[in-house]
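First up is the structure itself, then whatever we jot down about it.
Protein chains in written order, with this note's numbering: chain D, 56 to 509; chain X, 56 to 509.
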């Protein structure tokens, strides 16, 4: 065994004091948000009624590579950061691989995931702007929990529209949010015009992320002193999440290791974008080279099977359009899909990097994902979130390839969170009742046909 | 703000390599286990059919102050230890107290509590003895989860008898254990003689810890290659849990802080015993003085309202007798009790220290406990286990006393785990449907009257 400890912790003083903005180093910038009414790029001020002003500025900032993290956010980060970089000695041994596997573990906080990194930032800027509260949507509940925690800390009101199927299937997630003082409403609800319209059009619908987004945006814009916040996809979110990659890189540097391969799960792209940012920055500046793999569910394959076009971000079509790899805003993963990462589109930053071939993508089936999750839980002692387990799957696959070739690759992956609130899915896997679904080409084509034309 | 970081981490090399055995420094040793048939102290060999041999030796060892931690266990500890010592800056600020509050957080592992510290030790010695597997009981499920994890790691079979009411109310805990490959049986079951007898005598019973212990012991002794293991109460468990206190003391020493007051929740005594051991050792050797407070639920007040007598450890009366502060082995907390710490008796070591007035005890009502839990969750960002929240309650009370007196006391408490699987109890609190129960003197007297006479 080498001298590298099981867990590489940075000191509190080594927590980043600036976020890294990869857009500043991108030659091809991510495409701008577009006004669906005019077809013109959104102006900064046009976003102010929906988003906090400072967050809008961050959203538009393609120039500044580093942005100071306000002291108050740094103080909050100290409650649960730095997160550990773990050398997966036990997994390596179980696989019999010569590869060296590292993972950046973001699950050691009550939100159970990396989402808290951006939640506290967005809540902070809302508070600073003098707002009363924020609205948002949540699917599995990680983002809603994170935002509830951040708002409780800052004394902001928090209103969460939770996809109805999750609200009913995950009462404990809901209860954690309530414990943090948030108001949680199943979506589609009867509290918004869009919710009522969707309920009327699709009686008995169990909701979707795109629909919950529409409701949350309407709730924000119809209440005095409220704005809408979002946990993924947006440029600002990837900016905040860069703390993951910055810490991971600092920890690897500390033990003198250069990653060969970086693997992250990808739904909207918040974790992947945050993890890879500083490494991609090096690639863009010609300082280093990495093989980067985005892993997505076979049942929601936006990068591997979607199109790179302008699309709606939400079902109600109230948000600006974004150019992204998308399956169409009406795309909803099959009901048997248990493993998170359900959003129909991919972050514009990730989409552009993928289109520029700086990163590759791979899709995996959920039973393979849970097989990897269970193995990981048993040998590494951490019960992973289904989302995170997509990355585990590919990390294991790559480590097994190294076993064949004898290569001692350094593999880094993002372990975004824990699966304590996902035991229904684990139960399906343990009971052998979990199945896979891969959409047909026709299904994807039909969904994509609904994208706006530009 | 002082120079002390939010989290004091030891390095991997500073994880203890020896457990500390406080019994070696105790003038009044804990009373020996007694054979219920003969009334004589148990001989070492008499325990071998039930417990692993090396663990029996540790159980009887009142002489050696330090016991080496085998390398394999040290390696496992590295996966989740050292655990952080946290300076509760945010809680101090919210309370406006001059006190300095520290907590040793044992919840950053998938078992969600400190139980893993002893689970891996007991599983290791079982493996080393060449056994096929181990049996145990679990109530809320923390111990069962921890043992499942340890057994999965070492490739041992794990059979868990889970109190039926928990089995039904906490399906996710059960599912985590299954994910780690354990067999989980609701207790009382129809698989053991004792289970069948209890089911016949009390049709529809939802079980108790004492009953599940009897079943697990019967299962161990009736299968070739199996032994019984226990997560609390026993001397060996407190020995293993001393890593908590050793690390806490090392971390405090590192930042030059001496605790004035040490607070821990107490059910069977595993966490409290582990946390306070090295500090009590100093007191016993005349090197330092601390105020130590054991906190127990008002609905299960073994220290504050029980008697210090020999009692049965289990309902089926198959285990040796232990001298302990007890409410009588038939005592079962009222059905509205949601907050853990349900065992009728207290570890013999803790009982003796309490009888010798080296530690004090306090009981708290569960609504007060959840009030403290919710405040803590909101300001410190960790959703605590109900058990741990007993200690939080008293830490807050003591910090508020300091606010009145202006004393800058250093308060250390044990945050044993997280509450992610206890959201039903949180929901009761959030909904305002949680109530308190304090047993009458008559109830306790009636239960104590059933203790054996010695």
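No residue lacks a Cβ here, since even glycine has one placed at the ideal position from N, Cα and C.
- The beta carbon of residue 386 of chain X sits closer than 7 Å to those of 399 and 502, all from its chain and outside the five residues before and after it, given in chain order.
- The beta-carbon distance between residue 91 of chain X and residue 404 of chain X, rounded to whole angstroms, is 21 Å. This is too long to meet the 8 Å contact definition.
- Residues 484, 489, 490 and 491 of the same chain have their beta carbon placed closer than 8 Å to that of residue 422 of chain X, with the five preceding and five following residues left out of the count.
- With a minimum length of 3 residues, the unbroken runs of beta strand (DSSP E) contained wholly in the segment 410 to 447 of chain X fall at 415 to 419.
- Residues of the same chain with a CB within less than 8 Å of the CB of residue 413 of chain X, apart from the 5 flanking positions on each side, are 335, 338, 339 and 347 in chain order.
- Selection X:295, X:110 and X:199 evaluated against residue 235 of chain X yields X:199 as nearest (Cα-Cα).
- The continuous beta strand (DSSP E) containing residue 75 of chain D extends over residues 73 to 75.
- In the DSSP secondary-structure assignment, residue 380 of chain X is bridged to X:363.
- Going by C-alpha positions, residue 344 of chain D is about 30 Å away from residue 382 of chain D.
- Separation of residue 447 of chain D and residue 182 of chain X (C-alpha to C-alpha, rounded to the nearest whole angstrom) is 29 Å.
- The beta carbon of residue 235 of chain X sits closer than 8 Å to some beta carbon of chain D.
- Residue 231 of chain D belongs to the set of residues whose beta carbon lies under 8 Å from a beta carbon in chain X.
- When C-beta distances to chain X are compared with 7 Å, every residue of the segment 267 to 281 of chain D stays at or above that value.
- Any Cβ of chain D closer than 8 Å to the Cβ of residue 154 of chain X would place that residue at the interface, and such an atom is absent.
- Counting along the chain, no alpha helix (DSSP H) covers residue 188 of chain X; the unbroken beta strand (DSSP E) around it starts and ends at 188 to 193.
- Taking a contact to require three or more Cβ pairs closer than 8 Å, the segment 187 to 195 of chain D and the segment 437 to 455 of chain X do not qualify as touching.
- Excluding the 5 residues flanking it on each side, residue 220 of chain D has same chain C-beta neighbours closer than 8 Å at 261 and 262, in chain order.
- Relative to the Cα of residue 294 of chain X, the nearest Cα in the group X:230, X:114, X:147 and X:307 belongs to X:114.
- The distance from the Cβ of residue 330 of chain X to that of residue 303 of chain X is about 7 Å, consistent with a contact at the 8 Å cut-off.
- Rounded to the nearest whole angstrom, the CA to CA distance from residue 250 of chain D to residue 266 of chain D is 8 Å.
- By the Cβ test, the segment 460 to 469 of chain D is in contact with the segment 150 to 157 of chain D, since at least three Cβ pairs between them sit closer than 8 Å.
- Residues of chain D whose Cβ lies closer than 9 Å to the Cβ of residue 207 of chain X are, in chain order, 432, 433, 434 and 436.
- Within chain X, 227, 230 and 231 have C-beta atoms less than 7 Å from the C-beta of residue 478 of chain D, given in sequence order.
- Pairing residue 393 of chain X with residue 223 of chain X, the inter-Cα distance amounts to about 14 Å.
- Annotation: residue 187 of chain X has no Cβ neighbours in chain D at a cutoff of 7 Å; minimum Cβ distance is about 18 Å.
- Between the segment 162 to 181 of chain X and the segment 194 to 209 of chain X, the count of C-beta pairs closer than 8 Å reaches three or more; the two stretches touch.
- Counting along the chain, the unbroken beta strand (DSSP E) around residue 317 of chain D starts and ends at 316 to 320.
- For residue 439 of chain D and residue 300 of chain X, the gap between their C-alpha atoms comes out near 29 Å.
- Sequence-distant Cβ neighbours of residue 310 of chain X in its own chain, meaning closer than 7 Å and more than five residues away, are 59 and 63.
- At least one CB of chain D lies nearer than 8 Å to the CB of residue 485 of chain X.
- No Cβ of chain X is located within less than 8 Å of the beta carbon of residue 423 of chain D.
- By the CB criterion at 8 Å, residue 72 of chain D and residue 122 of chain D fall outside the cutoff.
- Between residue 396 of chain X and residue 355 of chain X, the gap from beta carbon to beta carbon is short of 8 Å.
- Cβ-Cβ distances below 6 Å link residue 286 of chain D to 170 and 198 in the same chain, with the five nearest sequence neighbours on each side left out; the list follows chain order.
- About 5 Å separates the beta carbons of residue 110 of chain D and residue 291 of chain D, which is inside the 8 Å limit, making them a contact pair.
- Check the Cα spacing between residue 379 of chain X and each of X:388, X:409 and X:370: the tightest is with X:409.
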